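**Q** Sharing a structure below in structure tokens format, with a few things to ask.
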Amino acid sequence: MNQIWISVLIIGGMGLLFGLLLGIASKIFAVETDERIPQITEILPGANCGGCGFAGCNAYATAVVEGGAAPNLCPVGGNTAALKIAGILGVEAQEVEPKVARVLCNGNPERAVAKYLFDGAKDCHSVARLGGGDKMCSYGCLGFGSCMTVCPADAISIDTGVAVIDPEKCGGCGACVQECPKNVIQIFPAKSKYFVTCNSNDKGKQTRQNCQVGCIGCGICVKNCPKEAISMENNLAVIDAEKCVNCGICAKKCPQHAINTIDGLGVHFVIPPKEA
Amino acid sequence: MIRDLLIISIGAILINNFVLVQFLGICPFLGVSKKVETAAGMGMAVIFVMLCASALTWVVQKYLLEPFHIEYLQTIAFILVIAVLVQLVEMFLQKSVPSLYNSLGVYLPLITTNCAVLGVAIQNITKFGFSEMSFLKSLTYGTSAAIGFTLAIVLFAGVRERLEGADIPSFLKGMPIVLITAALLSIAFLGFSGLSFQ
Chain A
1 MNQIWISVLI
11 IGGMGLLFGL
21 LLGIASKIFA
31 VETDERIPQI
41 TEILPGANCG
51 GCGFAGCNAY
61 ATAVVEGGAA
71 PNLCPVGGNT
81 AALKIAGILG
91 VEAQEVEPKV
101 ARVLCNGNPE
111 RAVAKYLFDG
121 AKDCHSVARL
131 GGGDKMCSYG
141 CLGFGSCMTV
151 CPADAISIDT
161 GVAVIDPEKC
171 GGCGACVQEC
181 PKNVIQIFPA
191 KSKYFVTCNS
201 NDKGKQTRQN
211 CQVGCIGCGI
221 CVKNCPKEAI
231 SMENNLAVID
241 AEKCVNCGIC
251 AKKCPQHAIN
261 TIDGLGVHFV
271 IPPKEA
Chain B
1001 MIRDLLIISI
1011 GAILINNFVL
1021 VQFLGICPFL
1031 GVSKKVETAA
1041 GMGMAVIFVM
1051 LCASALTWVV
1061 QKYLLEPFHI
1071 EYLQTIAFIL
1081 VIAVLVQLVE
1091 MFLQKSVPSL
1101 YNSLGVYLPL
1111 ITTNCAVLGV
1121 AIQNITKFGF
1131 SEMSFLKSLT
1141 YGTSAAIGFT
1151 LAIVLFAGVR
1161 ERLEGADIPS
1171 FLKGMPIVLI
1181 TAALLSIAFL
1191 GFSGLSFQ
């Protein structure tokens, strides 16, 4: 019995002594850290996606408090996070413009012509190194899902052979944009619902040969847009999200079915093409 | 006396180098050896912790564990001592050398679980027999072991800095070439095992 008490007392005594020592030391070596930094880190989503432009959530929180970074840079936390951060800092919050990533391609294997049969590692980078990909169109989504593996929000699926990003889950961090070897993913303001589901800068004839649903640069959407929000750049229609009012006329007029909307279920054709 | 201490320290630094011959403390050895400066900083932190740890654990063993015959609590008691020391070093570095604190990152608190530190404390007692091991000898052994660690990690960081610019085959890039380098360094240190003090 004595043995037990002795060992308990000695180890406990050592613990107590060291604890006191550390307590005193922590007073001597106290570092002044701003208590707002852990508070802000708490609010941030903790995905460390880097969408704000800083190394991670903690780095952003430090930058907000010490470097005067704007409180509305977190695309994932959105308005709620911005409001709370602004509340902690005691400044006016500015609205965050929600952003989403979109895959500018709708050419799944049934619609886009294949160049060769790829039988290697299921990774976009491997395919992209072999002649720019296994599709005749050198701009399109390869559909091997490299973006899917880096998405912190689990918003990307590739069920149809083309990556589809769920705009309701996507926080617009841009991790997929960095990952995609074909640069077919871009960040857009979430308020514009219609977008061009094609990334091809080929001439119209070439695009039509390569894919049933590619933008051929005919300019019909440009002529029909009531707000002059669409312009033609390198044989590809580009919608200016600031001017777009989501009327959908361009999508209805597009002969190639290349302007579409998207929701959690996938890309919706405004007018479905006849599948060959 | 001096001759004994010299033998102990050369033995701990070169012949039985903690990292490269006994394979203790590999985690920080691979983790913080990207740059020579951080490696040296880590080495200094380890020297401090090992010096204090061998002094304190010797006292604990001599005046607490042995008289009360509770040597079986050795591991717990020593880990307690080491953890406190590491906490102290961490606080000190955060206050005085924040840049080093940031570059050491998680490896600093990990000194607590660095087997080299516990290894020194335990070997102080078991290796030569505790009655043989005076306070001065265990201090020498602890410090030399830490100097050996520092030597190994700084040498290795120097090699790794060179590796940055080297044209390495892609299948060896990253950790593989680092491990191969560590193995070569370890083989080089095996050469010291021929040293003898007759």
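Protein sequence lines, in the order shown, are assigned to chains A and B.
Here the working numbering is used: the first residue of the first sequence is 1, the next is one more, and so on.
Here the working numbering is used: the first residue of the second sequence is 1001, the next is one more, and so on.
Each residue gets a CB set at the ideal place from its N, CA and C atoms; glycine is no exception.
Please read these numbers as outputs of a predicted model, since none were measured by experiment.
#1: Could you name the residues of the same chain whose beta carbon sits closer than 7 angstroms to that of Lys205/A, not counting the 5 residues immediately before and after it, in chain order?
#2: Met14/A CB to nearest chain B CB: under 8 angstroms?
#3: Going by C-alpha distance, which of Asp1004/B, Ala1012/B, Ile1002/B, Leu1006/B is nearest Ala1146/B?
#4: For Cys211/A, which beta-bridge partners are listed by DSSP?
#5: Just confirm the distance between the C-beta atoms of Leu1024/B and Lys1137/B, as a whole number of angstroms; I'd bet it's less than 8 angstroms.
#6: Taking 8 angstroms as the CB-CB limit, is Phe1092/B close to chain A?
#7: Could you tell me whether any Cβ in chain B is nearer than 8 angstroms to the Cβ of Ser126/A?
#8: Mind checking whether Gly219/A and Ala258/A have CB atoms under 8 angstroms apart?
#9: Contact criterion: CB-CB distance below 8 angstroms. Does Phe1068/B meet it with respect to chain E?
#10: Please decide whether Ser192/A counts as near chain B, where near means a Cβ-Cβ distance under 8 angstroms.
#11: Just how far apart, CA to CA, sit Thr261/A and Pro71/A?
#12: Kindly indicate which residue of Asn1114/B, Ser1134/B, Ser1099/B has the alpha-carbon position closest to the one of Met1001/B.
#13: Find the nearest neighbour of Val1178/B within the set Leu1014/B, Thr1075/B, Gly1031/B, judged by alpha-carbon distance.
#14: According to DSSP, which residues form a beta bridge with Met1091/B?
#15: Could you spell out the range, first to last residue, of the alpha helix (DSSP H) harbouring Ile1026/B?
#16: Between which two residues does the beta strand (DSSP E) carrying Ile187/A extend?
#17: Closer than 7 angstroms: is that where the CB of Gln212/A sits relative to any heavy atom of the ligand COA?
#18: Which bits of chain A does Lys1095/B rub up against, with CB to CB less than 7 angstroms?
#19: Within the 8 angstroms Cβ cut-off, does Phe18/A reach chain B?
#20: For Glu179/A, which residues in the same chain have their Cβ closer than 7 angstroms to its Cβ, ignoring the five residues on either side in sequence?
#21: What did DSSP end up calling Ala61/A once you bin it into helix, strand or coil?
#22: Residues of chain B with CB under 7 angstroms from Leu21/A, in chain order?
#23: According to the neighbour-count rule (16 or more other Cβ atoms, all chains shown, within 10 Å of its Cβ), is Asn2/A buried or exposed?
#24: My assumption, with CB atoms under 8 angstroms, is that Gly133/A sits in contact with Ser126/A. Please give the rounded CB distance.
#25: Only counting the same chain, and skipping five residues up and downstream in sequence, which positions put a Cβ closer than 6 angstroms to that of Ala276/A?
#26: So, are the CB atoms of Leu7/A and Leu1073/B less than 8 angstroms apart?
#27: Quick check on the DSSP output: the beta strand (DSSP E) that includes Ala101/A runs from which residue to which?
#28: Evaluate contact between the stretch 1079-1089 of chain B and the stretch 1106-1120 of chain B, counting only Cβ atoms and requiring at least three cross-stretch pairs below 8 angstroms.
#29: Are the C-beta of Ser146/A and some C-beta of chain B separated by less than 8 angstroms?
#30: CA-CA distance, Pro255/A and Arg111/A?
#31: Please identify the residue among Phe188/A, Asn106/A, Glu66/A, Ile43/A whose C-alpha is closest to the C-alpha of Thr33/A.
#32: Would you say Ile24/A lies against chain B (beta-carbon separation less than 8 angstroms)?
#33: Cβ of Phe1130/B within 8 angstroms of Cβ of Gln1022/B?
#34: Could you work out which residues of chain A lie near Gln1087/B, taking near to mean beta carbons separated by less than 8 angstroms?
#35: So which of Ala1188/B, Val1036/B, Leu1014/B has the shortest CA-CA distance to Arg1160/B?
#36: With three or more beta-carbon pairs closer than 8 angstroms as the criterion, would you say the stretch 190-205 of chain A touches the stretch 228-245 of chain A?
**A** Judging by the given coordinates:
#1: Locating residue 205/A in the first sequence gives position 205, where the first residue counts as 1. Closer than 7 angstroms at the Cβ level, and outside the excluded window around Lys205/A, lies no residue.
#2: Counting from 1 along the first sequence, the entry for residue 14/A is found at position 14. Yes, because at least one Cβ of chain B sits closer than 8 angstroms to the Cβ of Met14/A.
#3: As a first step, residue 1146/B must be located in the second sequence, where it is residue number 146. Looking at the Cα atoms, Ala1012/B is the closest of the given residues.
#4: In the first sequence, counting from the first residue as 1, residue 211/A sits at position 211. Answer is Ala112/A, bridged to Cys211/A.
#5: Within the second sequence, the letter at position 24 stands for residue 1024/B. Within the second sequence, the letter at position 137 stands for residue 1137/B. Rounded, the Cβ-Cβ distance is 19 angstroms, inconsistent with contact.
#6: Position 92 of the second sequence, counted from the first residue, corresponds to residue 1092/B. Interface annotation, Phe1092/B: in contact with chain A, CB-CB separation under 8 angstroms.
#7: On the first sequence, residue 126/A is found 126 positions in, with the first residue counted as 1. No, because no Cβ of chain B sits closer than 8 angstroms to the Cβ of Ser126/A.
#8: Translated into the one-based positions of the first sequence, residue 219/A becomes position 219. Translated into the one-based positions of the first sequence, residue 258/A becomes position 258. Cβ distance not < 8 angstroms, so Gly219/A and Ala258/A don't count as in contact.
#9: Absent here is chain E; the protein component of the structure consists of chains A and B.
#10: As a position in the first sequence, residue 192/A is number 192, starting the count at 1. No, no contact with chain B.
#11: What you label residue 261/A is simply residue 261 of the first sequence in a count that begins at 1. What you label residue 71/A is simply residue 71 of the first sequence in a count that begins at 1. Going from the Cα of Thr261/A to the Cα of Pro71/A covers about 31 angstroms.
#12: The residue given as residue 1001/B occupies position 1 in the second sequence. Residue Ser1134/B is the option with its Cα nearest to Met1001/B.
#13: As a position in the second sequence, residue 1178/B is number 178, starting the count at 1. Per the C-alpha coordinates, the member of Leu1014/B, Thr1075/B, Gly1031/B positioned closest to Val1178/B is Gly1031/B.
#14: Counting from 1 along the second sequence, the entry for residue 1091/B is found at position 91. Partner(s): none; Met1091/B has no beta bridge.
#15: Taking the second sequence and counting its residues from 1, one reaches residue 1026/B at position 26. Unbroken alpha helix (DSSP H) run through Ile1026/B: 1026-1031.
#16: In the first sequence, the residue the question calls residue 187/A occupies position 187. That run of the beta strand (DSSP E) goes 185-189.
#17: In the structure shown, the ligand COA is absent, as is every other ligand, since no ligand is present at all.
#18: Taking the second sequence and counting its residues from 1, one reaches residue 1095/B at position 95. The contacting residues are Phe29, Val31.
#19: What you label residue 18/A is simply residue 18 of the first sequence in a count that begins at 1. Yes, Phe18/A lies at the interface with chain B (some Cβ there is under 8 angstroms from its Cβ).
#20: Counted from its first residue, the first sequence places residue 179/A at position 179. For Glu179/A, where only same-chain residues beyond five positions count, the Cβ hits under 7 angstroms are Ser146, Cys147, Val150.
#21: As a working note, residue 61/A is residue 61 in the first sequence. In this structure, Ala61/A counts as helix in the three-state DSSP scheme.
#22: In the first sequence, the residue the question calls residue 21/A occupies position 21. What Leu21/A touches in chain B: Val1084.
#23: As a first step, residue 2/A must be located in the first sequence, where it is residue number 2. Result: exposed.
#24: If you number the first sequence from 1, residue 133/A lands on position 133. If you number the first sequence from 1, residue 126/A lands on position 126. 10 angstroms between Cβ atoms; not a contact.
#25: The sequence position of residue 276/A within the first sequence is 276, counting from 1. For Ala276/A, the pLDDT reaches just 47, beneath the cut-off of 50, and the residue's location in the model is therefore unreliable, leaving the point undetermined.
#26: Reading the first sequence from its first residue, position 7 is the one you call residue 7/A. Reading the second sequence from its first residue, position 73 is the one you call residue 1073/B. Note on identity: in this sequence residue 7/A is Ser, with Leu being the wrong assignment. Yes; because the gap between Cβ atoms is below 8 angstroms, this pair is in contact.
#27: Indexing the first sequence from 1 puts residue 101/A at position 101. Where Ala101/A is concerned, the enclosing beta strand (DSSP E) stretches over 99-103.
#28: yes
#29: Residue mapping note: residue 146/A aligns to position 146 of the first sequence, counting from 1. The Cβ of Ser146/A sits no closer than 8 angstroms to any Cβ of chain B.
#30: To locate residue 255/A, count along the first sequence from 1; it is residue 255. To locate residue 111/A, count along the first sequence from 1; it is residue 111. One C-alpha to the other measures close to 15 angstroms.
#31: As a working mapping, residue 33/A is identified with position 33 in the first sequence. With distances taken between CA atoms, Thr33/A lies nearest to Glu66/A out of Phe188/A, Asn106/A, Glu66/A, Ile43/A.
#32: Counted from its first residue, the first sequence places residue 24/A at position 24. Chain B, which has no Cβ nearer than 8 angstroms to the Cβ of Ile24/A, makes this no.
#33: Residue mapping note: residue 1130/B aligns to position 130 of the second sequence, counting from 1. Residue mapping note: residue 1022/B aligns to position 22 of the second sequence, counting from 1. Not closer than 8 angstroms, so no.
#34: Here residue 1087/B corresponds to residue number 87 of the second sequence, with the count starting at 1. In chain order: Leu22, Ala25.
#35: Working through the second sequence from its first residue, we reach residue 1160/B at position 160. Selected option, being the one with the closest Cα: Val1036/B.
#36: yes
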